[in-house]
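Remarks on the structure that follows.
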Amino acid sequence: EKGGYEHYMRKEIHEQPTSLRQTLSGRIDVERGDADLDVAFPQGYLESLQEIQLVACGTSYYASQYAARLLEEFADVRATVEIASEYSFDGGRDPWRTLVIAVTQSGETADTLGAIRRAGGAGARTLAVTNTLGSSVTRETEDSVFIRAGPEIGVAATKTFASQVTTLALLAVEIGRQRGSLAATDARAVLEDLRGLPGAVQQVLDEEDRVLEGAKRFADADAFFFVGRQFGYPVALEGALKLKEIAYDHAEGFAAGELKHGPLALITGDTPVLSVLTERSRPDETLNNVTEAQTREAPAIGVTDGTVETDSLDLELEVPDLGYVTPLVANVYFQLFAYHIADLQGRSIDKPRNLAKSVTVE
Ligand code: F6R
């Protein structure tokens with residue numbers, strides 16, 4: 240069942256080219272510059288929409304943060320993200336003009352179900368984005384979209400994160416086209432990039448040995464800091480979460496610009512800084528922040544698409560340029576990094592201590 244892999248997590252990381260193909264299959268028309276997720280929104284609904292709220296927990300929350308940026312960019316609509324356990328429908332919003340999307344791989348997370356019930360109760364239209372057919376969330380929402388990542392056994396979410404962001408990118412294109420905020424030529428470019436995801440992820444997987452080398456070099460670190468800007472920021476948060484969960488090492492994700500507002504005090508020679516240095520993530524500024532950390536002796540690992548000069552890095556990991564979704568490809572390096580750091584320490588990777596695959600209590 241693990242298909243020759245020692246852990247489900249590594250198998251699922253390696254399944255991403257396939258799972259992403261499934262996510263995209265039959266949903267894009269590159270020539271026309273359109274995406275279709277088969278959601279029947281009422282006539283005129285999307286045009287009059289004022290806000291999209293995404294509610295989620297953990298990794299799904301980070302996928303939502305990535306998606307909110309895409310929605311604002313493509314669909315020209317305010318997109319906000321709330322931790323499901325903190326959510327309440329308030330703030331003077333008009334329920335008819337607010338779409339609330341529950342993003343949950345399992346479809347069974349109690350916090351997310353609670354949030355979407357509160358949204359529905361207030362009269363907002365609700366949509367589920369989930370991996371699981373027939374899950375509870377699909378019964379609580381008006382419409383459902385499936386991310387089609389296939390079953391994920393490892394407790395740490397990997398391929399589902401990639402498929403969540405990809406599905407929500409398609410939704411952002413679809414809504415943007417419908418609202419007239421995304422030109423066909425721009426949509427075409429985005430869809431080409433999405434179509435390039437499976438191949439780009441495969442290129443990263445082919446570099447796994449370099450990640451293993453890096454993991455060996457830094458496995459004894461005191462803590463790991465992940466930094467990124469814009470589309471790279473949720474990926475930094477997600478990279479840190481993976482490392483905490485499966486390696487039990489202290490890891491934090493920061494908006495790169497925030498390092499100098501406090502966390503820099505934590506930086507030493509034993510705190511590697513991992514960064515997302517790709518286009519549309521403001522790589523120049525981020526590199527400046529990384530250099531500040533290097534001045535304090537921190538080793539620097541950066542994922543780059545060649546937009547900035549990265550000779551000063553201690554370890555440079557390359558990704559092809561896929562526009563808005565390049566950071567999603569960079570994330571695969573962080574998944575592999577967390578996996579190998581945990582594996583070198585002999586951790587229980589598929590079933591980390593104290594964690595469950597689906598959290599059914601609030
Ligand atoms: C992290 C992880 C958790 C889940 C969170 C939400 O690797 O797996 O943080 O992402 O519990 O789960 P779902 O998406 O099932 O609602």
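Going by the UniProt record's numbering, the sequence shown opens with residue 240, and the numbers climb by one from there. The beta carbon of each residue, even a glycine, is placed where N, CA and C say it ideally should be.
Between the C-alpha atoms of residue i and residue j, what's the straight-line distance to the nearest angstrom?
i, j, result
"V339", "Y326", "11 Å"
"A581", "L293", "31 Å"
"T406", "P538", "35 Å"
"S324", "D550", "43 Å"
"P281", "K455", "54 Å"
"H579", "S287", "48 Å"
"T380", "L430", "27 Å"
"K398", "E347", "18 Å"
"G501", "F493", "11 Å"
"L552", "T298", "28 Å"
"L505", "K499", "11 Å"
"A279", "D523", "42 Å"
"L310", "S375", "25 Å"
"V319", "L575", "Sequence check: residue 319 is Thr here, not Val. Each residue's Cα considered, the two are about 29 Å apart."
"D459", "F470", "29 Å"
"T599", "A295", "13 Å"
"A396", "K481", "8 Å"
"R449", "D560", "19 Å"
"W335", "R356", "15 Å"
"S520", "D333", "33 Å"
"V474", "K483", "14 Å"
"Y305", "T534", "30 Å"
Report the partner residues of residue i according to the DSSP bridge assignment.
i, result
"V512", "F464, A539"
"F493", "V466"
"Q292", "T319, V339"
"A367", "A341, S383"
"A274", "I267"
"L554", "I540"
When you compare each of the options to residue i by their alpha carbons, which one comes out closest?
i, options, result
"L433", "R336, K481, V564, G585", "V564"
"G359", "T369, S375, F328, E347", "F328"
"R586", "I506, D488, E381, V269", "D488"
"A307", "F465, L554, I414", "I414"
"Q441", "R260, R332, K590, A486", "R260"
"S514", "E491, V394, R535", "E491"
"A361", "G331, S383, P390, I386", "G331"
"residue 609", "I291, G545, P511", "A question about residue 609 goes unanswered here, because the residues of the chain that appear run from 240 up to 601."
"Q289", "S264, D315, Y305, D277", "D315"
"L567", "T534, M248, G467", "G467"
"E601", "I291, Y305, A354, G283", "A354"
"residue 642", "G478, G419, A495", "This structure gives no information on residue 642, because the portion of the chain shown stretches from 240 to 601."
"G562", "R418, I252, E518, L421", "E518"
"Y284", "M248, P256, A363, F385", "A363"
Within a Cβ cutoff of 8 Å, which residues of the same chain sit near residue i, ignoring the five residues on either side of it in sequence?
i, result
"A274", "R266, I267, D268, L409, L410, V412, E413, R416, A426, L430"
"H246", "G393, Y578, D582, I588, D589"
"L503", "E531, A532, R535"
For residue i and chain B, any beta-carbon pair shorter than 8 Å?
i, result
"A306", "Looking at the structure shown, chain B is missing, and only one protein chain is on hand."
Mark residue i as exposed unless 16 or more other C-beta atoms lie within 10 angstroms of its C-beta, in which case mark it buried.
i, result
"A577", "buried"
"Q344", "buried"
"A532", "buried"
"R592", "exposed"
"P390", "exposed"
"D350", "buried"
"E312", "buried"
"S303", "buried"
By Cβ distance below 6 Å, which residues in the same chain neighbour residue i in space, the five residues on each side in sequence not counted?
i, result
"A423", "G272"
"A388", "S258, N370, K398, T399, S402"
Quick one: what's got a C-beta closer than 7 Å to residue i's C-beta in the same chain, skipping five residues either side?
i, result
"L352", "S375, V376, E379"
"E555", "G541, T543, T549"
"L516", "P522, T525, L526, G541, V542, T543, V547, T549"
"T250", "In the sequence under discussion, the amino acid at residue 250 is Lys, which differs from the Thr named in the question. Taken in chain order, the residues that qualify are K241, G242, Y244."
"I322", "C296, Y300"
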